[in-house]
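Asks:
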Amino acid sequence: DRLLTEFGEADDKTFYGAQFDLGLARIDFPPGHGGLGGEPKLQEIVDTALEPIGRRGNWMRNAIGIGMCGPTIAARGTEEQKSRFLRPIFTAEEVWCQLFSEPGQGWSVANATLMNERVSIGGNVAPRGSGAIGRAVEVWKARADHEPVLRERLAGLWIEAEVLRLGNMRAQSLRQAGVPGPQGSLLKLGDAELGQRIVNFIVDLLGAHGMLSPGYEVGRDRDIERNDPIIAFLSSQATTIAGGTSQIMRNIIGERVLGLPREPGLDPNTPWSQIPRNT
């Protein structure tokens, strides 16, 4: 209540800074570093309360920082690093990008960050009917005609979205219980490919209007992606690449879940400098 009453009309930087200081940025983060040391599932209560004022999160402005780097720092960083980086990450005053190299134990850091990326892409538990599938329903309702074939297609996408949402809930419960598993890869694969099918459906519903874009301005506020189906369609093409391609996800699932033999290749512990390549 204090966040809404005192800061509801503030600019984004002030609002998200206050949310962080009150421990409501990520409730599972340590106290004093944007959280309250609580269970991750409680964050949904906060996000749902903020949704009516359009401030469910700062995700679109700093997806890599908030979804990947922040959780990695909160879990593995020093107190100095947490104090230095977590707040400006959440307020998007400092926007992070992702680059990896392989000096020494670089891959151990990359692996921890990639796990956070896969969970952040495919592991967010959203309310039923929210996100892309909710937008698809809105566009469908706005149509003058409700063709049976399109209605059946929408129903199928809704069912898939609900199955994925329930899978996210199950995976979150397992993570909280400390039970490791392949859920991050499974959900990342499902979320990325389903998201593409949903936005493709939305563009189909729009007909000729689906060929029009509001523009491609440099520095455009990425929050527009939440509501503009054309921008969402274009940006969705990256989701089956970022965080591990769908082919890599299928390899992981095949080898670690189904127990299939590994594809022929080098020992995964081979240093980068010793990998044969063309000269």
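Here our numbering runs 2 ahead of the position in the sequence shown, where the first position is 1.
Even glycine gets a Cβ: it sits at the ideal position worked out from N, Cα and C.
1) Report the three-state DSSP secondary structure of G37 (helix, strand or coil).
2) With DSSP run on the structure shown, which of helix, strand or coil describes W142?
3) Should K84 be labelled buried (16 or more other beta-carbon atoms within 10 Å of its own) or exposed?
4) Figure out for me which residue from P150, L159, D147 has the closest Cα to the Cα of A138.
5) Should S238 be labelled buried (16 or more other beta-carbon atoms within 10 Å of its own) or exposed?
6) Assuming F92 and F22 make a contact with CB atoms under 8 Å, what is their CB distance in whole Å?
7) Could you give the first and the last residue of the continuous alpha helix (DSSP H) run that contains E63?
8) Using a Cβ-Cβ cutoff of less than 8 Å, which residues in the same chain neighbour H211 once the five nearest sequence positions on both sides are dropped?
9) Cα separation between N202 and S275?
10) Write down the C-beta distance between G169 and L189 rounded to the nearest angstrom, noting that I regard them as a contact closer than 8 Å.
11) What's the C-alpha gap between L282 and I204?
12) Do the CB positions of L208 and P231 come within less than 8 Å of each other?
13) Of the residues R57, N271, T247, which one's Cα is nearest the Cα of K15?
14) Can you tell me where the alpha helix (DSSP H) holding Q198 begins and where it ends?
Replies: For this structure:
1) strand
2) helix
3) buried
4) L159
5) buried
6) 5 Å
7) It is worth fixing the name first, because residue 63 is Arg in this sequence and not Glu. Here R63 belongs to no alpha helix (DSSP H), and DSSP marks it neither H nor E.
8) none
9) 42 Å
10) 6 Å
11) Any answer about residue 282 is impossible in this case: the structure gives the chain only from 3 up to 281.
12) yes
13) R57
14) 185 to 208
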